[in-house]
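Here the sequence shown stands for residues 257 to 482, where the numbers follow the numbering used here.
Where a beta carbon is used, it is the ideal one built from N, C-alpha and C, also for glycine.
What follows is one structure encoded as structure tokens, with my remarks underneath.
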Amino acid sequence: MEPLNEVKLKALTDAYLDSLLTDLPSEAELASQQVLSKRFLNRMDLLTGSRHRTPRTWKKMLLVAAIISAILATAVSVYAYREAIAAFFINVYEKYSEIIIPTTTETNDPSDVTEPGNSLTDNLPTHVPAEYREKSRQTLIGMLQITYTNDAGDILLFEKMEQGSQHIGINTEGVEIEELTVDGCQALYYSNLGQNNLIWADGAYIYTITGFINQGEIVKMAISGR
């Protein structure tokens, strides 16, 4: 058998790679098979600013979301410090922060863990801005998510999660976190990418409200469920 020289070997390799590429399904086929969770789609709708915004703004918001994802993936290498705020910890990185709500009971014995005093479907907001209507309600393991929309297509998101050790990442560029009180519970409020956010915990559950409504409306909505 004649030995393969470098030129022949390269030609055979190129031919083999071309055959592999030919066998790959098209981008349209791959996209049609991709299934995204409802929660992910809701979050992306919030990040992209809802359907009625201009295409140019939508592309910018999508780019920002991609940048945030890349930063989150490499954030460990740029860890700076941790700031304690009572029931919350905030890990501050170069480009983003991570809010951590620790468990209220530190124990290795599952029998010592206190069960929540209410269920996921209790203590839900009774006040919602007049222009918003409930669009969907989704219950997952240890979590409830309610999505509201208005006629303009803006999304208002309420989430209630069992208080394990939750991590919430935010882009800190130009963001100031404000401490508030929601019916006796400590809360954190901040604006990010045009959205206003409120996070609070009552010892059993963590609650978040995210949307384009103002601070007063968000706090009023939060208190209505207490």
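| query | result |
| --- | --- |
| Thr395, buried or exposed, once every other Cβ within 10 Å from all chains shown has been counted against 16 | exposed |
| Contacts around Glu432, its chain only, beta-carbon distance under 7 Å, and the 5 residues preceding and following it disregarded | Tyr446 |
| CB contact flag (Thr466, Leu413, <8 Å) | yes |
| Residue range of the unbroken alpha helix (DSSP H) whose run includes Ile484 | Residue 484 lies beyond the range of the chain shown here (257 to 482); nothing can be said about it. |
| Residues near Arg389 in its chain [Cβ-Cβ closer than 7 Å; skip 5 each side] | Tyr404, Thr405 |
| Asn252 in three-state terms, based on DSSP | The structure shown does not extend to residue 252, since the chain is modelled only from 257 to 482, so the question has no answer here. |
| Local conformation of Leu412 per DSSP, three classes | strand |
| Cβ pair Ile469, Asn298 closer than 8 Å | no |
| Local conformation of Leu454 per DSSP, three classes | strand |
| Inter-residue Cα distance where the pair is Gly440 and Asn452 | 21 Å |
| Separation of Met477 from Leu400, as counted between CA atoms | 16 Å |
| Backbone secondary structure at Thr382 - three-state DSSP | coil |
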